[in-house]
Amino acid sequence: MRDWLSFWNAPNRIYVNDRHRDVHYRDVALEIRSLVSSPAATVVDYGCGEATAAHLVAQACGRLILSDGAPAVRDKLTARFQDNPRIAVRAPEEVAALPPGSVDLIVLNSVAQYLERAAFDDLLAGFRRLLAANGRLVVGDVIPPHTSAATEIAALMKLAWRNGFVGAALLGLVRTLFSDYRALRGKLGLSHYTEAEMLDALARAGSRRAKRLLRVGTARMHGACFAVLHGPRLCPTLRRSASG
Ligand SMILES: C[S@@+](CC[C@H](N)C(=O)[O-])C[C@H]1O[C@@H](n2cnc3c(N)ncnc32)[C@H](O)[C@@H]1O
1 MRDWLSFWNA PNRIYVNDRH RDVHYRDVAL EIRSLVSSPA ATVVDYGCGE ATAAHLVAQA
61 CGRLILSDGA PAVRDKLTAR FQDNPRIAVR APEEVAALPP GSVDLIVLNS VAQYLERAAF
121 DDLLAGFRRL LAANGRLVVG DVIPPHTSAA TEIAALMKLA WRNGFVGAAL LGLVRTLFSD
181 YRALRGKLGL SHYTEAEMLD ALARAGSRRA KRLLRVGTAR MHGACFAVLH GPRLCPTLRR
241 SASG
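In our numbering, the protein residues as written are 1 to 244.
So, in structure tokens, the structure goes:
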């Protein structure tokens, strides 16, 4: 595998089974839904992955744009949601071409670690252009430096325990030792950010009110810096406080 997008574009065993995948995406969808500010809102879930519970977000907003850089992921999303009139599946370049100020909420969850820093900065600049005056960007599952494997294993086992797939999770952990994911992580690494570095990147992109949210709900948001970038021109007071 040459790069992370090739990894995500190919079949992978990142979720230990369908139950793991579905409870993960259900939890992510519920988190995103809680951030939607109005039933008319346009929401972009960028680097959305399989987003198997995206309909839960679509129920709460006017339009949900699912975007992923991997064409194979987009094909699956299109097949899954073709009958949902509120959901559109778009390539990143199609998102970049949306009219300025046309998006109320952009979510980037568990994606920043797969982007080089310069690419992340470019993405933030593009998001700034897309956000409506009071729009928000939420960046979730940002991995701080020195996050230990034990933290990730504990998060998986907690999710597995709560959702009844402990056996599959243990098997998945063994499989991970020999996986493409582990090999690629060793070769390419991930982009890590301290809270200060993430807030600085958001500030450079024009945020005057980026802030860490301490309430993180899902397993994949474990240990995450969950930062918020308000729309560039108007910065209303955060409605969600750090205590959620
Ligand atoms: C770990 S998954 C996260 C999926 C989902 N957001 C979640 O919270 O579980 C990372 C996703 O980001 C996508 N991705 C990686 N690099 C990307 C890029 N440069 N542009 C758009 N999507 C990208 C991958 O294809 C993959 O589906």
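Just so you know, even glycine gets a beta-carbon here, dropped at the ideal spot from N, CA and C.
The model shown is predicted, which means the values in this text are computed figures rather than measured ones.
Cβ atoms of residue 29 and residue 53: under 8 Å apart, would you say?
yes
Burial state of residue 13, where buried means 16 or more other Cβ atoms lie within 10 Å
exposed
Near residue 23, which residues of its chain fall below 6 Å by C-beta distance, leaving aside the five closest residues on each side in sequence?
163
Roughly how many angstroms separate the alpha carbons of residue 216 and residue 199, rounded to a whole number?
Low per-residue confidence applies at residue 216: pLDDT is 41, beneath 50, and the placement is therefore not dependable, though the value from the model is reported in the following sentence. In a straight line, the C-alpha of residue 216 is about 17 Å away from that of residue 199.
Run through DSSP, which three-state label would residue 136 get?
strand
Between residue 165 and residue 20, is the Cβ-Cβ spacing less than 8 Å?
yes
At a cut-off of 7 Å, is residue 62 close to ligand 1 when judged by its beta-carbon and the heavy atoms of the ligand?
no
Relative to ligand 1, is the shortest distance from any of its heavy atoms to the C-beta of residue 5 smaller than 7 Å?
yes
Do residue 206 and residue 128 have their CB atoms nearer than 8 Å?
yes
Opening and closing residue of the beta strand (DSSP E) in which residue 6 lies
Premise fails: residue 6 lies in the alpha helix (DSSP H), 4-9, not in any beta strand (DSSP E).
Any non-hydrogen atom of ligand 1 within 7 Å of residue 92 CB
yes
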